[in-house]
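Only one structure is covered here, and it is reproduced in the block below.
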Amino acid sequence: MNRAPTSEPTQEEEKEVTQAAKHEQKLQLRRDEGKMDHYKIVLTTAETTIAILKKHGISWAVFESLACRLYGNFCYPLDIDLLIIEPPNPDTSPRTAEEIKALIVKTDRKCFYPSVPPNLEASHRIWYYKQKTPKGRFKIDILIPGSVYLPNLYKFSSSIPPPSSTGTTDTHTASLIPPSSTSMIPTTTDTISPPPHKCVTTISGIPPVPFSVLLLHKLQGWAINRDDPSKRDKHLQDALDVRHLLKTKERIEESEVIQPWTDLDLFCEEFQQLTRERVKEYCLEFPRKARRWQKLGFETV
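For the sequence shown, our numbering puts the final residue at 406, and the numbers step up evenly by one.
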């Protein structure tokens, strides 16, 4: 079968193609720069929030998207979620999330303010940090141990060190770590060091929740949000985060050996049962990930 000869592109056509490619490269560079600038602002917001918590003797670990970023996910966090770490006090009740949010606002009213909920009688408020950016504000959420099955990490946080002048701590995040002399976190001389999978350690100067906690709670978010049409975007993001966390080679290999999923210090029995069901549901929707969950010690069918 004879084919019609193809004509060579003219110089003008080649020039247009080259210009279009250069234009797309510039647009992508601007998008990447915008995301990185946004990420730096998120870190600045976190720094301001955490400095206030430190002032009041409250320790913390980052959760959700910022924790995913620290564990190697290349997402760009849009807000900040902090899991509070406070020592148990038999003489007083634990502070609620709303009390801690109010404490933050009271300390710095210029930067923090609450949203007005549709139901004015609702106790829950979303708190924002003001920024002189196109977005204008960043959401701050405070999480308390016990809510949505989150563990109390206080007795596992002895490994959080103060900032170091060497190592991986970067200039944007070094001041996020409370010095051990003023922190509520116990020193290693006060407690026996917990197993590695329970430690609250730092990555680039910021302490995220343990990897196992983040992975299973991201799976929980995926399961809870999938049936809510108003949370479709969140559901898709949770699915993406779980997929990226499952690709975190070093952390996954460590988890395959330790298999901390039945550790009652981190996961209560009810949460463990829900997780077993959710893993099967996840593998039904994403069968190519079943082998990974099996290597982690879960049944997938």
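We put the CB at the ideal spot given by N, CA and C, even for glycine.
Check whether serine 360 and serine 317 have beta carbons under 9 Å apart:
Between serine 360 and serine 317, the CB-CB gap stays under 9 Å.
Endpoints, the beta strand (DSSP E) within which aspartate 186 is located
Segment 185-190, the beta strand (DSSP E) holding aspartate 186.
Under a Cβ-count criterion, where at least 16 other Cβ atoms within 10 Å of its own Cβ denotes burial, should arginine 383 be classed as buried or exposed?
So arginine 383 ends up on the buried side.
Counting pairs of Cβ atoms below 8 Å between the region 158-166 and the region 325-340, do you hit three or more?
The region 158-166 vs the region 325-340: no contact.
Limits of the unbroken alpha helix (DSSP H) element including valine 347
In the DSSP assignment, valine 347 falls within the unbroken alpha helix (DSSP H) covering 337-351.
Are the CB atoms of leucine 187 and arginine 200 within a distance shorter than 9 Å?
For the pair arginine 200 and leucine 187, the CB atoms are not nearer than the 9 Å cut-off.
Of all the options Arg174, Asp213, Met141 and Ile205, which has the alpha carbon lying nearest to the alpha carbon of threonine 307?
Cα-wise, what sits closest to threonine 307 is Arg174.
Going by Cα to Cα distance, which pick from Lys352, Gln378 and Phe168 is closest to lysine 394?
Of the listed residues, the one whose Cα sits closest to lysine 394 is Lys352.
Applying the criterion that 16 or more other CB atoms from any shown protein chain within 10 Å of the CB defines a buried residue, is aspartate 332 buried or exposed?
Label assigned to aspartate 332: exposed.
Hey, could you find the ends of the beta strand (DSSP E) tryptophan 165 is sitting in?
Residues 164-168.
Compare the C-alpha of alanine 151 against each of Pro312, Val305 and His349 and name the closest.
Residue Pro312 holds the alpha-carbon nearest to the alpha-carbon of alanine 151 among Pro312, Val305 and His349.
One question on the structure: do isoleucine 247 and leucine 255 come within less than 9 Å of each other, judged by their Cβ atoms?
Taking 9 Å as the cut-off, the beta carbon of isoleucine 247 is found no closer than this to the beta carbon of leucine 255.
Are any of the Cβ atoms in chain D nearer than 9 Å to that of aspartate 368?
Protein chains in the displayed structure number just one, and chain D is not present.
Minimum C-alpha distance to isoleucine 245 - residue among Val362, Ser170 and Glu374:
Across the set Val362, Ser170 and Glu374, the C-alpha of Ser170 shows the shortest separation from the C-alpha of isoleucine 245.
Within 10 angstroms of the Cβ of valine 305, are there 16 or more other Cβ atoms? Answer buried if so, exposed if not.
Buried: at least 16 other Cβ atoms inside 10 Å.
For the alpha helix (DSSP H) that phenylalanine 316 lies in, which residues bound it at each end?
Looking at the DSSP string, the run of the alpha helix (DSSP H) that includes phenylalanine 316 is 316-330.
Could you check where the alpha helix (DSSP H) with tyrosine 387 kicks off and where it finishes?
Start and end: 374-390.
Based on Cα-Cα distance, which residue from Ala202, Phe243, Trp165 and Ala156 lies nearest to histidine 143?
Of the residues Ala202, Phe243, Trp165 and Ala156, the one whose Cα lies closest to the Cα of histidine 143 is Phe243.
Classification of valine 406 by the beta-carbon crowding that lies within 10 angstroms, buried from 16 upward
In the assembly as shown, valine 406 is an exposed residue. Its beta-carbon has fewer than 16 other beta-carbons within 10 Å.
So, is isoleucine 290 buried or exposed, given that buried needs 16 or more other C-beta atoms within 10 angstroms?
Its pLDDT being 31, under 50, isoleucine 290 is placed unreliably in this model, and the value from its coordinates should be taken loosely. It counts as buried.
Start and end of the beta strand (DSSP E) containing phenylalanine 217?
Element bounds for phenylalanine 217: 217-219.
With a threshold of 7 Å on Cβ separation, who are the neighbours of cysteine 388 within its own chain once the five nearest residues in sequence on each side are excluded?
By the criterion of a C-beta distance shorter than 7 Å, cysteine 388 is surrounded in its chain by Lys394, Ala395, Trp398 and Thr405, once the five residues flanking it on both sides are discounted.
Aspartate 246 (DSSP reduced to helix, strand or coil):
In the three-state scheme derived from DSSP, where H, G and I count as helix and E and B as strand, aspartate 246 is classed as strand.
If you check the beta carbons only, do valine 319 and tryptophan 366 fall under 9 Å apart?
Looking at the sequence shown, residue 319 is not valine but leucine. Cβ distance not < 9 Å, so leucine 319 and tryptophan 366 don't count as in contact.
Tell me, please, which residues DSSP counts as bridged to isoleucine 311.
In the DSSP output, where bridge partners are listed per residue, isoleucine 311 has Ile308.
So threonine 212 is in the alpha helix (DSSP H); what residue range does that whole segment cover?
For threonine 212, the uninterrupted alpha helix (DSSP H) run begins and ends at 202-212, by DSSP.
Rounding to the nearest angstrom, what Cα-Cα distance links glutamine 378 and leucine 183 in this structure?
Using only the alpha carbons, I get a separation of about 31 Å.
C-alpha gap between proline 192 and asparagine 257, whole angstroms:
If you take the alpha carbons of proline 192 and asparagine 257, they lie about 9 Å apart.
Under the three-state reduction of DSSP, which class applies to threonine 367: helix, strand or coil?
In the three-state reduction of the DSSP assignment, threonine 367 falls in the helix class, which pools H, G and I.
Are the Cβ atoms of leucine 350 and lysine 323 separated by less than 9 Å?
Contact flag set, yes.
On the CB-based measure, 16 or more other CB atoms within 10 Å of its CB, does arginine 381 come out buried or exposed?
It counts as exposed.
How would you call leucine 371, buried or exposed, if buried means at least 16 neighbouring beta carbons within 10 angstroms?
Buried, by the Cβ-count rule.
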